[in-house]
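Below: one structure, written as structure tokens.
In structure tokens form, the structure reads like this:
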């Protein structure tokens, strides 16, 4: 296993290895960024394709909303929040390897106007659940 980048302490995390940006704490009305964690990117290996939900798509917490494909496998993206997609990271689509090299920065997947949060963990709980 490669050394993983530091886990942002002010993000929230899902059990399915998605992260939600800090401003979230995923309250209704917030617009948040969503991505996959370094744990997920490391498990996938070299990411070669990203299929994020389109702008305007209504997504539901806990349900699949896209896919990430690597040289090893295809993995579903599960939405950590319920709401409407307001932006998609074109850089991640054009250069999917950014999910491996910068999963918490330029490797974000999409932004959501939150109507409801799903079950999320803080960084300490996510780290404990994943033995980090």
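Residue numbers (my numbering): -11 to 120. We put the beta carbon where it would ideally sit given N, CA and C, even for glycine. Since the structure is predicted, the reported quantities are computational estimates derived from the model, not experimental observations.
DSSP, read as helix, strand or coil, puts residue 39 in strand. Between the C-alpha atoms of residue 9 and residue 73 there is a straight-line separation of about 14 angstroms.
Excluding sequence positions up to five before and after residue 39, its CB lies within less than 7 angstroms of the CB of 54, 55, all in the same chain and listed in chain order. With 16 or more other Cβ atoms inside 10 Å of its own Cβ, residue 6 counts as buried. Judged by their CB atoms, residue 66 and residue 52 are nearer to each other than the 8 angstroms cut-off.
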